[in-house]
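Going left to right, the sequence shown walks through residues 1 to 87 as the working numbering numbers them.
Backbone N, C-alpha and C define an ideal beta-carbon position, used for all residues, glycine too.
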Amino acid sequence: MDMNSGLVAGITTLAGSSLGSITVATVPIVTTATVPAAGVAGWLGVTTTATTIVAAPVTLPVAGIIAVGALLTYGGYQTYKFMNREQ
1 MDMNSGLVAG ITTLAGSSLG SITVATVPIV TTATVPAAGV AGWLGVTTTA TTIVAAPVTL
61 PVAGIIAVGA LLTYGGYQTY KFMNREQ
């Protein structure tokens with residue numbers, strides 16, 4: 001393992017040490033539930049279906065974001081070295 005690979009491994013290990021997660025978006029999700037009907041019908045045990053739209057967060061672990069960034073940077077560096085080597 002060369003120095004650059006060790007650096008990438010160190011960064012990803014450090015990032016995985018519980019940095020938490022970050023919310024990147026919220027998306028609407030439709031949920032359906034069976035609920036008692038209104039009024040006397042509900043008292044008699046009749047049910048109906050209720051549909052609601054809720055916002056669900058999309059979260060990504062910070063460690064994953066850092067790891068992907070480190071790997072992309074390392075890949076770009078290796079590509080740069082390969083493209084600029086003399087033959």
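- Residue environment analysis places Ala67 among the buried positions, since at least 16 neighbouring C-beta atoms fall within 10 angstroms of its C-beta.
- Using a Cβ distance threshold of 8 Å, Val30 and Ile53 count as a contacting pair.
- When DSSP states are grouped into helix, strand and coil, Val46 belongs to the coil group.
- For Ala25, the enclosing beta strand (DSSP E) stretches over residues Ser21 to Pro36.
- Cβ-Cβ distances below 6 Å link Thr23 to Pro57 and Thr59 in the same chain, with the five nearest sequence neighbours on each side left out; the list follows chain order.
- Around Thr48, the same chain offers Val35 and Ala37 as residues with beta carbons nearer than 7 Å, after the five sequence neighbours per side are excluded.
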